[in-house]
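Undergrad: One structure coming up, written as structure tokens, with questions to follow.
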Amino acid sequence: MDFTLSFEADELGKALARYAAEQRGRDRRRDEASADHNAEWARFAELGWLTVPFPESAGGSGLGAIGSMIVCEHLGSALAHIPYLSRIVAAGGILAGAGEGDRLAALMDGRSPITAALQDGGGYDVLAPQTSAVRTASGYRLNGTKIHVLGLPTGGAVLVNAAVAGETEPGLFLIDTGGPGIAVGSYFLPDGRPAASIRCLDADLPSACRIDRGNARAVLETVQRDVLVAAAADNLGATQLLYEMTLAYAKTRRQFGRRIGDFQHIQFRLVDLWVKLDEARSLIKAAALAASEDHPQAAELAKQAWIQSLWSGRACGEEAVQIHGAVGMTDEHRVGSFFKRILVNEFLFGPADDHLARCDLRAASDDDAASAHLTRTG
Amino acid sequence: MRWSFSEREQAFRIEVRRFLADNLPASLARKVRFGRRLTRDDYVGWQDILASRNWYAIGWPEAAGGPGLTPNERYLFEREYGARLCPKPCQFGIAMAGPVIFKFGTQQQKERFLPRIRNNIDFWCQGYSEPNAGSDLAALKTSARRDGQDYVVNGQKIWTTWAHWADWMFCLVRTDTTGKPQSGISLLLIDMRSSGIEVRPIRTIDGDTEFNEVFFDDVRVPADNLVGEEGQGWRYAKSILEHERFSMSESARSRRILGELTEDADRAGALADPLFRHKLARLNVELSALEFMELNLLSRANAGDDPGPEVSKLKIRGSEIAQALSAIRLALHGAACLVSGDDDPDPQRRTAADSAAATALPTYLNLRKLSIWAGSNEIQRGILAKHVLGLGAER
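Protein sequence lines correspond, in order, to chains A and B.
Going by the working numbering, the first residue of the first sequence is number 1, and it counts up by one from there.
Going by the working numbering, the first residue of the second sequence is number 379, and it counts up by one from there.
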């Protein structure tokens, strides 16, 4: 067992850290955001960051879930709006899983961005979409509304999961939001990220739009796993900043003639945040490593990492506001921005309790746990 | 990054697994499974078995006569050990007295004591806490006055686990009352059969008597039994406290206990209750986080990075999780917890579930100790605040 990063992963982390520092220096306002992110996307393509998680055999960098963990942690710490998670980890993951090599190549070089729209407000299990697809003479007819879609590109290529009538597995469809029966609504999420809703009302699609080969369940399971790890890393990046800001504030803010960090009660709470941050980081690294090796427990660990990232993120967010006091309540202060990043993520990918309810209590985190169950005495 | 251990390490793990499976007596395993109290003979008998394979002093280097395991092997041993229904070995000799003698003792002390600790011949206890020196250990008052070739010890120790079973005590005593409190402390090795020692048991909230008071009335201890230099005892004690904390995550044992709880809950139909299931699911994630914090530290240790005071986080979370597990067992058995094993009105109808229920409450109460001993969790948070977060009172 080795948790030290490879040379390539370490270099990627350093490059992203520079990018994040530069982004944090900017004052981001929601009205400056462009929903298609074109300029930033081209820069990411140029830097080679769009290929990070994909296997070398598919033209990627081969860094797998560890790579996307590194990228997303820094994007979270930068409050970056670039839709890396939805386009690369989610949509790219679906294209890779469905064997769509050409489309994946076009996604990786930045030419043809595609995003994924996997949530439709009926719970957070991407394997059980509420959007429905019915076979027609020429293809499929889709009904349903996808919400909180990030990074919908100009031209509107988006991957959608839908329950197919008469089939046990869901289907995966690549749709053009300019098509008939499809309406797009644009809005901003509470943390300022631009989002879209996509409403399909008897939207007729040709057969060729369906890209899964009857393996949508397996593809979505892998994508769900990798998305949760990457989203947990995004939370971690924001949580790290919340912790650092709060610790620094406790060391400088004076009340009653002393630094508030001199009070034992504040010290202990900061220690607990430090431990929570470490719990999240440790579990996320383990989940990313397991996912990158396709370990049998990887899906369970991804859920656990996501849950822990929410516990740690919520705790750090709430305590950061409390310890900053009224200053932490102001819209101007960065504490609220990082806190909202985590809260928005929570409802994009599912609250901790939703995932806890789906955790397998029989699966253990270490490969020795199976042996623990062998020990039986009469 | 790599998930698996090396083939050699995995082979070692299998070796440990086989040894434990072949040698753990079923009667002892049953006692551990149902939280029954263990006798001195239970501990000593089992530790003899471990010592026969030189796996009692598991953390010792070869130079001290130990197995000289690598950090990874040591970790795997603990995982296998915790996964089985093995009694937790008595730590005072192997994890505290032994390492401190090895590190700071004279050649003669090493030759005299180390083989007897390693081979489970002497039973050790720790003389640290006093009535007015608990978390504030440096306030200790038990005195040792030099008189010819002896020290003469007077005073009182308290909360001394297993003093009533012990052959030896490593004891912090005050040899100098001038200067800073920390600077006048020395470490003595005291034969518990010396005249002038009186051990009185303390009954604890769980009904057990593993704690004791130990009184010293002009107890003569040969000066040869001073470890290292006079006045350096505080430094020596601190160096082993850190050692102790590293082994106190208890994650492997907690993982086993969570598995047993899940199984018992399943059998009792409690997993169908969403509230109960939620408790287990939460603990499962918390325990995973602890396990991977530990593995991260291990990975860093392998890369030559000394985690230092950071290990306090393992003690804090390990103790909290072990306590939380004992609370879930109470919730599982409910009212059945109120019938203890000793006064069960109908011993004939006892099932495995009854046995587990009967010890659930004493176990829950007993495990309150985890967040108090070995540096209370408040002390651990203080260490982290000061040495890791850089928070300390302004000077």
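From the three backbone atoms N, C-alpha and C, an ideal C-beta is built for every residue, glycine too.
1) Classify H265 of chain A: buried if its beta carbon has 16 or more other beta carbons within 10 angstroms, exposed otherwise.
2) How big is the Cα-Cα spacing for R103 of chain A and E56 of chain A?
3) Quick one: using the 10 Å Cβ neighbour count with 16 as the cut-off for buried, is T448 of chain B buried or exposed?
4) Establish whether the CB of I66 of chain A and some CB of chain B are separated by less than 8 Å.
5) Scan the segment 657-717 of chain B and note each continuous beta strand (DSSP E) run of 3 residues or more that stays entirely inside, going in chain order.
6) Is K466 of chain B buried or exposed, if buried means 16 or more other CB atoms sit within 10 Å of its CB?
7) Measure how close the beta-carbons of A216 of chain A and G171 of chain A come, nearest whole angstrom, since I'm counting them as under 8 Å.
8) Where does Q504 of chain B sit, in a helix, a strand or coil, going by DSSP?
9) Express the C-alpha separation of I495 of chain B and G476 of chain B in angstroms, rounding to a whole number.
10) Taking the alpha-carbon positions, what's the D420 of chain B to A544 of chain B distance?
11) In chain order, what residues of the same chain have a beta carbon less than 7 Å from the beta carbon of L745 of chain B, not counting five sequence neighbours either side?
12) Check whether the Cβ atoms of D586 of chain B and N532 of chain B sit closer than 8 Å, and answer yes or no.
13) Take the Cβ of Q304 of chain A as the centre, count every other Cβ of all protein chains shown within 10 Å, and call the residue buried at 16 or more, exposed below.
14) Return the chain-ordered list of same chain residues with a C-beta closer than 7 Å to the C-beta of Y243 of chain A, the five sequence neighbours on each side being excluded.
15) Output, in chain order, the set of chain B residues within a Cβ distance shorter than 7 Å of E279 of chain A.
16) Answer yes or no: does any C-beta atom of chain E fall closer than 8 Å to that of H765 of chain B?
17) Does the beta carbon of M570 of chain B sit closer than 8 Å to a beta carbon anywhere in chain A?
18) To which residues of the same chain is P206 of chain A closer than 7 Å at the C-beta, ignoring the five residues directly before and after it?
19) Is the CB of S282 of chain A under 8 Å away from at least one CB in chain B?
20) What residue range is occupied by the uninterrupted alpha helix (DSSP H) comprising W546 of chain B?
21) Mind pulling the chain A residues with CB within less than 9 Å of L769 of chain B?
22) Considering just the uninterrupted stretch of the alpha helix (DSSP H) at I198 of chain A, what are its terminal residues?
23) Quick one: give me the first and last residue of the alpha helix (DSSP H) that S77 of chain A is part of.
24) Assess contact between the segment 152-162 of chain A and the segment 385-403 of chain B, defined as three or more Cβ pairs (one per stretch) separated by less than 8 Å. Is contact present?
25) With which residues is A395 of chain A paired in a DSSP beta bridge?
26) What's the gap between the Cα of A516 of chain B and the Cα of S507 of chain B?
27) Are any of the Cβ atoms in chain A nearer than 8 Å to that of M379 of chain B?
28) Can you check whether the CB of T131 of chain A is closer than 8 Å to the CB of L379 of chain A?
29) Among B:Y529, B:A511 and B:L416, whose alpha-carbon lies nearest the alpha-carbon of S564 of chain B?
30) Which residues of the segment 668-700 of chain B have a Cβ closer than 8 Å to any Cβ of chain A? Give them in chain order.
31) V275 of chain A touches chain B at which residues, Cβ-Cβ below 7 Å?
32) Quick check: the Cα distance between A441 of chain B and K481 of chain B, rounded to an integer number of angstroms?
33) Just tell me which of A:V134, A:V149 and A:K251 has its CA closest to the CA of L142 of chain A.
34) Nearer than 7 Å: is that true of the beta carbon of G336 of chain A relative to any heavy atom of the ligand FMN?
35) With distance defined between alpha-carbon atoms, name the residue in A:D294, A:H295, A:V229 and A:V126 nearest to L283 of chain A.
36) Name, in chain order, the residues that DSSP records as bridge partners for Y529 of chain B.
TA: Once the coordinates are examined:
1) Residue mapping note: residue 265 of chain A aligns to position 265 of the first sequence, counting from 1. H265 of chain A should be labelled exposed.
2) Locating residue 103 of chain A in the first sequence gives position 103, where the first residue counts as 1. Locating residue 56 of chain A in the first sequence gives position 56, where the first residue counts as 1. Whole-angstrom Cα-Cα distance: 16 Å.
3) Along the second sequence, one-based indexing puts residue 448 of chain B at 70. Exposed, because fewer than 16 other Cβ atoms sit within 10 Å of the Cβ of T448 of chain B.
4) Residue numbering aside, residue 66 of chain A sits at position 66 when the first sequence is read from its first letter. I66 of chain A counts as touching chain B.
5) none
6) Along the second sequence, read from residue 1 onward, the residue named residue 466 of chain B stands at position 88. Per the 10 Å Cβ criterion, exposed.
7) For this step, residue 216 of chain A is matched to residue 216 along the first sequence. For this step, residue 171 of chain A is matched to residue 171 along the first sequence. Indeed they touch by this definition, with Cβ atoms about 6 Å apart.
8) Locating residue 504 of chain B in the second sequence gives position 126, where the first residue counts as 1. It is a strand residue.
9) Stepping through the second sequence from its first residue, residue 476 of chain B is reached at position 98. Stepping through the second sequence from its first residue, residue 495 of chain B is reached at position 117. Their Cα atoms are separated by approximately 7 Å.
10) Taking the second sequence and counting its residues from 1, the one referred to as residue 420 of chain B is at position 42. Taking the second sequence and counting its residues from 1, the one referred to as residue 544 of chain B is at position 166. For D420 of chain B and A544 of chain B, the distance between alpha carbons rounds to 14 Å.
11) Position 367 of the second sequence holds residue 745 of chain B. Answer for L745 of chain B: A700, Q701 and S704, listed in chain order.
12) What you label residue 586 of chain B is simply residue 208 of the second sequence in a count that begins at 1. What you label residue 532 of chain B is simply residue 154 of the second sequence in a count that begins at 1. No, the pair does not count as a contact, with Cβ atoms beyond the cut-off.
13) Taking the first sequence and counting its residues from 1, one reaches residue 304 of chain A at position 304. With 16 or more other Cβ atoms within 10 Å, it is buried.
14) Taking the first residue of the first sequence as position 1, residue 243 of chain A is located at position 243. The residues are L273, W274, L277 and C316.
15) Locating residue 279 of chain A in the first sequence gives position 279, where the first residue counts as 1. Result: A667 and M671.
16) The structure shown contains no chain E; its protein chains are A and B.
17) Position 192 of the second sequence, counted from the start, is the residue given in the question as residue 570 of chain B. Chain A contact via Cβ: absent.
18) Translated into positions along the first sequence, residue 206 of chain A becomes position 206. The residues are S138 and G139.
19) In the first sequence, the residue the question calls residue 282 of chain A occupies position 282. By this cut-off, S282 of chain A is an interface position.
20) Counted from its first residue, the second sequence places residue 546 of chain B at position 168. No alpha helix (DSSP H) contains W546 of chain B, which is instead part of the beta strand (DSSP E) from W546 to R552.
21) The residue labelled residue 769 of chain B in the question sits at position 391 within the second sequence. The answer, in chain order, is L247, A250, K251, R259, G261, D262, I266, Q267, L270 and V271.
22) Taking the first sequence and counting its residues from 1, one reaches residue 198 of chain A at position 198. Looking at the DSSP string, I198 of chain A is not in any alpha helix (DSSP H); the run it does join, the beta strand (DSSP E), is P194 to P206.
23) In the first sequence, residue 77 of chain A corresponds to position 77, counting from 1. Start and end: G64 to S77.
24) no
25) The structure shown has nothing for residue 395 of chain A, since chain A only spans 1 to 378.
26) Numbered from its first residue, the second sequence carries residue 516 of chain B at position 138. Numbered from its first residue, the second sequence carries residue 507 of chain B at position 129. Computed Cα separation, rounded: 10 Å.
27) Within the second sequence, residue 379 of chain B is the residue found at index 1, counting from 1. So, interface residue.
28) Residue 379 of chain A is absent from the structure shown; chain A starts at 1 and stops at 378.
29) Taking the second sequence and counting its residues from 1, the one referred to as residue 564 of chain B is at position 186. Of the listed residues, the one whose Cα sits closest to S564 of chain B is B:Y529.
30) L668, E669, F670, M671, L673, N674, L676, S677, R678, N680, A681, K691, I694 and R695
31) Position 275 of the first sequence holds residue 275 of chain A. The contacting residues are K691, I694 and R695.
32) Mapped onto the second sequence, residue 441 of chain B falls at position 63. Mapped onto the second sequence, residue 481 of chain B falls at position 103. Each residue's alpha carbon lies about 11 Å from the other.
33) Mapped onto the first sequence, residue 142 of chain A falls at position 142. Checked all of A:V134, A:V149 and A:K251; the closest Cα to L142 of chain A is A:V134.
34) Judged by which ligands are present, the structure shown has none, so any question about the ligand FMN falls away.
35) Taking the first sequence and counting its residues from 1, one reaches residue 283 of chain A at position 283. Selected option, being the one with the closest Cα: A:V229.
36) Residue mapping note: residue 529 of chain B aligns to position 151 of the second sequence, counting from 1. Answer is B:R524 and B:V599, bridged to Y529 of chain B.
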